[in-house]
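Right, one structure below, let's go through it.
In the numbering used here, the protein residues as written are 76 to 579.
Now the structure itself:
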């Protein structure tokens, strides 16, 4: 068996190398997403940015469903491949794809019919409501394309072709970047043109990833209804909790958007700009939350608990240094950033407020991301789910309400940040205590019991490094947190079972 790469050498070096390599692809996609809003801003109307902001909140909810389905695809198909049962893997792949089609079509239909009500609920009114509605009526019907693209991408990761999975997303991003100015300016279609470009980008992602699964790897079988019925409970066992976890953040984001909307579309436009600025600025941190999982997992599988602890500390330290550095740049460049998007009035002021006071608080979001990655790889994935929902509810709603009453739209952002700080600290404390608990329990296990498990544990840890599906067409920064966490969640069942065997 090949020696796992992360069980020796500097843990900080592994953290930096894995984060920087993953950040290159992520940042490219985030820049494409920012360009979408940049092109619309050139039209000189704040209400276009506000309309995209409202629409993105709705898209965020629908995309979370597709993410959950893709997680189930990778988890089930990769397990079958690990069993060296290619027929089972092909069968699970086609059935996962069938489930993705069924669920995404139903969700798209219900969402499309409720677009006016959903936009009203998040606070859109008047001309902004009309523009956001026209945008969503074009892009929501393409949800099945996105669900298929994510499921096929998950199949590629399951078979080990992470490069082609990433390339499918990069291809979609490239199409979006090229077609945006064509439809927005050359065809004078404005926000509807941006929506059409996004639909074609999703189609590109689906075709490239489908080619990889069907043609390159032959990782798909024939659809048989009886087999689908038999595999459905197995797939849903992973898909349902994954979707439940992923829905926490978009629901929180919808509440924040509604709260900001009370103070006018200018602030919503500024919030939309902030939503693009966060992933571009902190892309390395999103990559880190996906990269730390295999580092922790391999060392845990090798019984190297001191290295597990050190890896987590190094991840906290690296993210802290990076975020402080970037936050200083945002502070110094706040006027230029607002000007880049032609932001004026309330929109510009909210962007400047974020750059001056809120950006640094992302440090605690990073700590929460990293801690959740540790939980997912140390047999406590339910803790990650619980913390996500607690952060999205208890850590958001009361703080946003109080902040809104005290300082308006600025207080909404401040309240959201303060709530995040509290739950990040809780997550860090729990992560370190859990590692201490594992160290104590493992110390009581005789070496003769540990030894036979070592090879299986290392193999399990190695399989938990699964690059996340990337979707440049869903424009909300909070979703990017989910995308980064997807890599760890996909190994949830195996990691939890492994931890139970070791300490039970």
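All C-beta atoms, glycine included, are put in the ideal place defined by N, C-alpha and C.
Pick helix, strand or coil for residue i, following the three-state DSSP scheme.
i, result
"residue 154", "helix"
"residue 364", "helix"
"residue 185", "helix"
"residue 264", "coil"
"residue 162", "helix"
"residue 584", "No statement about residue 584 is possible, as the shown extent of the chain runs from 76 to 579 and does not include it."
"residue 208", "helix"
"residue 192", "helix"
"residue 295", "coil"
"residue 417", "coil"
"residue 437", "helix"
"residue 468", "coil"
"residue 29", "Nothing in the structure corresponds to residue 29, since the chain is present only between 76 and 579."
"residue 111", "helix"
"residue 378", "coil"
"residue 454", "coil"
"residue 172", "helix"
"residue 400", "helix"
"residue 568", "Confidence in residue 568 is poor, its pLDDT being 46 and thus under 50, which makes the residue's placement unreliable; the coordinate value appears in the next sentence. Three-state DSSP puts residue 568 in a helix."
"residue 562", "Model confidence at residue 562 stands at a pLDDT of 43, short of 50, so the residue's coordinates are unreliable and nothing is read from them."
"residue 85", "coil"
"residue 223", "helix"
"residue 134", "helix"
"residue 234", "coil"
Return the chain-ordered list of same chain residues with a C-beta closer than 7 Å to the C-beta of residue i, the five sequence neighbours on each side being excluded.
i, result
"residue 250", "275, 276 and 279"
"residue 110", "252 and 255"
"residue 464", "323"
"residue 289", "295"
"residue 458", "450 and 505"
"residue 230", "148, 152, 168, 288 and 294"
Apart from the five residues just before and just after residue i, which ones in its own chain have a Cβ nearer than 6 Å to its Cβ?
i, result
"residue 62", "Within the shown structure, residues of the chain are numbered from 76 to 579, placing residue 62 beyond reach of any answer."
"residue 329", "132 and 197"
"residue 483", "338"
"residue 466", "498"
"residue 359", "94, 98 and 397"
"residue 389", "86, 87 and 90"
"residue 344", "121, 124, 125 and 422"
Tell me the rounded alpha-carbon separation between residue i and residue j.
i, j, result
"residue 400", "residue 218", "37 Å"
"residue 332", "residue 339", "11 Å"
"residue 398", "residue 451", "23 Å"
"residue 152", "residue 212", "34 Å"
"residue 555", "residue 145", "With a pLDDT of only 43 at residue 555, under the threshold of 50, the placement of this residue in the model should not be trusted, and no figure is reported."
"residue 564", "residue 326", "Confidence at residue 564 is low in this model, with a pLDDT of 45, below 50, so the placement of that residue should be treated as unreliable; the coordinate-derived value is given next. Each residue's Cα considered, the two are about 19 Å apart."
"residue 423", "residue 121", "10 Å"
"residue 86", "residue 372", "13 Å"
"residue 234", "residue 262", "41 Å"
"residue 510", "residue 134", "37 Å"
"residue 455", "residue 244", "30 Å"
"residue 209", "residue 260", "17 Å"
"residue 447", "residue 206", "37 Å"
"residue 314", "residue 492", "30 Å"
Where does the unbroken alpha helix (DSSP H) through residue i begin, and where does it stop?
i, result
"residue 304", "300-336"
"residue 500", "472-518"
"residue 286", "First-last for residue 286: undefined, no H or E at that position."
"residue 242", "237-256"
"residue 215", "Counting along the chain, residue 215 falls outside any alpha helix (DSSP H), and DSSP gives it neither H nor E."
"residue 352", "340-356"
If residue i sits next to residue j, beta carbons under 8 Å apart, how far is it from one beta carbon to the other, in whole angstroms?
i, j, result
"residue 445", "residue 505", "Contact flag wrong, Cβ pair sits at about 12 Å."
"residue 502", "residue 453", "The Cβ separation is near 13 Å, so there is no contact."
"residue 514", "residue 380", "5 Å"
"residue 426", "residue 435", "At roughly 15 Å, the Cβ-Cβ gap does not stay under 8 Å, so residue 426 and residue 435 are not in contact."
"residue 112", "residue 299", "No, residue 112 and residue 299 are not in contact; Cβ-Cβ is about 45 Å, not under 8 Å."
"residue 303", "residue 173", "6 Å"
"residue 129", "residue 188", "Contact doesn't hold; Cβ gap of about 18 Å is too wide."
"residue 440", "residue 495", "6 Å"
Starting from the C-beta of residue i, find all residues in its chain whose C-beta is less than 8 Å away, skip the five residues before and the five after it, and write them out in chain order.
i, result
"residue 176", "219, 222 and 223"
"residue 181", "none"
"residue 407", "none"
"residue 479", "334, 337, 486, 487 and 490"
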